[in-house]
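Taking this note's numbering, I'd label the letters of the sequence shown as residues 625 to 846.
Worksheet: the structure to be examined is printed underneath.
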Amino acid sequence: MSCTFQFPKAPQHLLEALHEVIPYCELHAQQLPDTPISLWLIPPVFPTDRLDDEVIRRIWNDTPYWIFCWASGLAMAQWLLAEPHHVKDKVVLDFGAGSGVVAIAAKLAGAKRVICCDIDQVSLNACRENAVLNNVELEYLDDLYKAEQVDVLLAADVLYDQCNRFFLDEFLKFAPEVWVADSRVKNFSHPHYQKLDERSATTWPDLDEAKEFRNVSFYKTL
């Protein structure tokens, strides 16, 4: 069960970034299901009647991924909190961090250092604000190729675009252990990864996605 608590007003710079894509929409601090983590996200119900064709075009062309906690990210966060030994006392990089949910979970699970990596500056700003919301300290990076070697690299919901598949090989350059969580790719096959687990999760707020997108698979480097 998820609850909405009375947190301080949403950060103005995040609201301004959101309104460039979706006017009139608000941000609420919401606790994610089965976690102690709260994030600044759009409300579960927002005024879709105000989404004219131009707004819809902007949403498709410039999706603000950080306004949702996607199912794979939520599943990986829940998994880290349930099995903290995967990151405890380690240096961790969260690739394609978005809202920062995986990074926050890794820090709460006892990681020594956690680096949020995302090419979108607004997403990194959202990670910063969500870190404050959860009273954790994270580090921030806008380019994977500036990253140092880390102990563990985590990537949730980054394979939705076929063009991103090459990262599966690139990840191997930065960490000896890589975990990928994904609900979009069918028949995932890569010589350096094996499927080890599967969890059920829902994007939050719930987008009423098809059931197939609620089954999140976990892959780990061999």
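Don't be surprised by glycine CBs; every beta carbon is placed ideally from N, CA and C.
- Its chain contains P708, V711, K712, D713 as the residues whose beta carbon lies nearer than 8 Å to that of G734, once the 5 sequence neighbours on both sides are disregarded; these appear in chain order.
- In this chain, H709 is not harboured by any beta strand (DSSP E), its DSSP state being neither H nor E.
- The beta-carbon separation of I666 and L651, rounded to 6 Å, stays under the 8 Å limit for a contact.
- Nearest to V726 by alpha-carbon distance, out of A706, M700, R737, is M700.
- When F791, L792, A634, A771 are compared, the shortest CA-CA separation from C649 is found for A634.
- When secondary structure is reduced to three states using DSSP, N749 falls in the helix class.
- When secondary structure is reduced to three states using DSSP, H816 falls in the coil class, being assigned neither helix nor strand.
- Pairing L642 with Q654 gives a Cβ-Cβ distance that is not under 8 Å.
- Per DSSP, V774 has no beta bridge partner at all.
- Counting C-beta pairs closer than 8 Å gives fewer than three between the segment 749-760 and the segment 770-789, which falls short of the contact rule.
- Per DSSP, I728 is one residue of the alpha helix (DSSP H) stretching across 725-732.
- The residue among L765, A750, L796 with its C-alpha nearest the C-alpha of P688 is A750.
- Residue range 791-794 is occupied by the alpha helix (DSSP H) that includes E794.
- Boundaries of the alpha helix (DSSP H) around E640: 636-643.
- The Cβ-Cβ distance between D766 and I743 falls below 8 Å.
- With respect to L778, T845 sits apart: the two C-beta atoms are not nearer than 8 Å.
- For Q654, the enclosing beta strand (DSSP E) starts and ends at 652-655.
- As the crow flies, the alpha-carbon of P647 is around 9 Å from that of E640.
- Judged by DSSP in its simplified three-state form, F719 adopts strand.
- About 6 Å separates the Cβ atoms of R838 and T826, confirming a contact at the 8 Å cut-off.
- Residue pairing by DSSP leaves L768 without any beta bridge partner.
- With a 10 Å radius around the Cβ and a threshold of 16 neighbouring Cβ atoms, Y817 comes out buried.
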